[in-house]
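Scroll down for the structure; my scribbles are underneath it.
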Amino acid sequence: MNPSALSSGLPMSAPPPPWVDTRTPLGRLIAAVLAVEPMRQLLFLQARRMMIRTAESRGIPWRRRREQLRQAAEPLLAASTDAAVVAPPYYRARFHAYAEGNLCWEAACEAEQATDSVALRVWKEEKQLTPEAAQQRMRDGIYAAIAPSLSAPVRDALDIGCSVGVGTLALADWLEQNGHLGVRVSGLDLSPQMLAVARVRDAAGRITAWHHSAAEATGLPAAGFDLITAQFLCHELPGHASRAVLLEASRLLRPGGVLALVDQDPEADVIRAMPPALATLLKATEPYLEDYFRLDLPAALADTGFTAIRRVASDHRHRVLVATRP
Ligand SMILES: C[S@@+](CC[C@H](N)C(=O)[O-])C[C@H]1O[C@@H](n2cnc3c(N)ncnc32)[C@H](O)[C@@H]1O
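Residue numbers (the numbering used here): 7 to 332.
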């Protein structure tokens with residue numbers, strides 16, 4: 007698929023959609039609803055039920071796959087944990103209707119299914135599309151957006167906020183198939199449970215390393231990577247953490263290296279005009295969504311010293327910001 011390049015040079019960010027912005031009446035109303043704890047709990051449950059029901063009706067074996075992954079991943083927890091890593095307080099928030107956020111088996115063993123659901127939702131009117139085909143199409147759009155910024159073969163790539171490795175493995179495939187032969191691809195995440203599931207999914211051992219650490223303080227050596235991707239990470243971060251991640255990515259990249267940030271597109275019509283009920287459900291499960299939409303990421307990239315910043319809509323819900331470390 008050919009993603010449409012919306013602009014080049016330094017793009018301006020759109021203002022946050024009204025439903026997420028607590029400076030607007032709609033944003034304030036949604037925030038007030040979510041401030042009532044029993045209401046938030048109810049919406050959490052509602053969001054979760056809806057997600058599982060929709061996914062299973064579209065051919066994603068949500069509950070069966072969860073049990074399979076858990077059984078296989080539990081023995082890999084110790085190997086996926088760096089005991090010295092302390093998750094920052096913001097990371098311990100409730101995400102995605104899980105009380106323990108990303109630090110639990112339920113979140114880790116449902117992440118693959120949730121990612122497939124996200125992909126299906128992009129083309130929800132195509133009822134015959136399989137979860138695998140939707141996932142492939144979504145990732146193809148992302149990597150096609152990155153490609154024009156890669157002016158030399160990628161030898162080392164790092165996928166930060168890799169979760170259970172869906173994007174990490176897709177990135178490794180894409181790089182190998184697009185001339186970056188012998189590329190070493192690693193994943194990094196703060197959740198040991200996610201990393202244990204990633205190892206199960208990477209049964210063939212295609213990924214060089216699965217690192218347990220914070221994206222803003224990786225502990226990895228400087229200038230070790232030609233490409234860093236953060237696929238669907240920034241909307242899970244408070245603004246200060248996003249900025250810290252950009253700084254760390256700049257440290258990790260070699261001169262000429264490329265950073266790609268994939269996430270919801272603040273300029274997309276479907277995002278901006280989300281029906282209030284759906285927006286409320288979404289906001290109930292994403293604690294830092296307002297921060298994400300308020301942060302002018304292109305400007306933050308420029309502030310961090312990145313150049314050649316491009317914004318590309320990889321599909322009609324998501325955008326990729328691609329930038330080069332001078
Ligand atoms: C929505 S998931 C990412 C999905 C995945 N990258 C993909 O493309 O399918 C967000 C991930 O970011 C991780 N994460 C959030 N904050 C992080 C941080 N500060 N450092 C490392 N990982 C983080 C979470 O544990 C979670 O696995």
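Note that CB positions come from ideal geometry on N, CA and C, so glycine has one too.
Relative to ligand 1, is the shortest distance from any of its heavy atoms to the C-beta of residue i smaller than 8 Å?
i	result
Phe231	no
Leu196	yes
Pro1	Absent from the structure is residue 1, since the part of the chain shown begins at 7 and ends at 332.
Ala279	no
Gly245	no
Cys115	no
Gly167	yes
Less than 8 Å between the CB atoms is what I'm expecting for residue i and residue j, so what's the real figure, rounded?
i	j	result
Thr224	Leu175	No, Thr224 and Leu175 are not in contact; Cβ-Cβ is about 20 Å, not under 8 Å.
Leu233	Leu156	7 Å
Output needed for residue i: all residues of its chain with C-beta closer than 7 Å, excluding positions within five of it in sequence on either side, in chain order.
i	result
Glu182	Val189
Pro154	none
Val206	Leu75, Ala78, Ala79 and Leu82
Pro24	Thr30, Leu32 and Gly33
Leu135	Leu126 and Trp129
Leu164	Ser192, Leu194, Phe231, Ile234 and Leu258
Ala20	Pro272 and Glu273
Met200	Asn108, Ala114, Ala117, Ser169 and Val170
Starting from residue i, follow the alpha helix (DSSP H) in both directions and report where the run begins and ends.
i	result
Thr174	Val172 to Gln183
Ile277	Asp275 to Arg278
Pro282	Pro282 to Thr291
Ile234	Element bounds for Ile234: not the alpha helix (DSSP H) but the beta strand (DSSP E), Phe231 to Gln237.
Val326	Run containing Val326: none in the alpha helix (DSSP H); it sits in the beta strand (DSSP E), His324 to Thr330.
Could you check the C-alpha separation between residue i and residue j for me, to the nearest Å?
i	j	result
Ser320	Leu267	11 Å
Asp88	Glu132	42 Å
Val26	Leu187	43 Å
Pro261	Leu284	42 Å
Glu242	Gly185	32 Å
Pro94	His246	12 Å
Starting from the C-beta of residue i, find all residues in its chain whose C-beta is less than 8 Å away, skip the five residues before and the five after it, and write them out in chain order.
i	result
Ile213	Gly171, Thr174, Leu175, Ala178, Val191, Ser192, Gly193 and Ala204
Give me, in chain order, the residues of the same chain whose beta-carbon lies closer than 6 Å to that of residue i; leave out the 5 immediate sequence neighbours on both sides.
i	result
Glu296	Val26
Pro22	Phe299 and Arg300
Asp58	Residue identity differs from the one stated: residue 58 is Ile in this sequence, not Asp. Hits under 6 Å: Trp68.
Can you name the start and end residues of the beta strand (DSSP E) that residue i belongs to?
i	result
Ile213	Counting along the chain, Ile213 falls outside any beta strand (DSSP E), and DSSP gives it neither H nor E.
Ser192	Arg190 to Asp195
Asp165	Asp162 to Ile166
Arg317	Thr313 to Ala319
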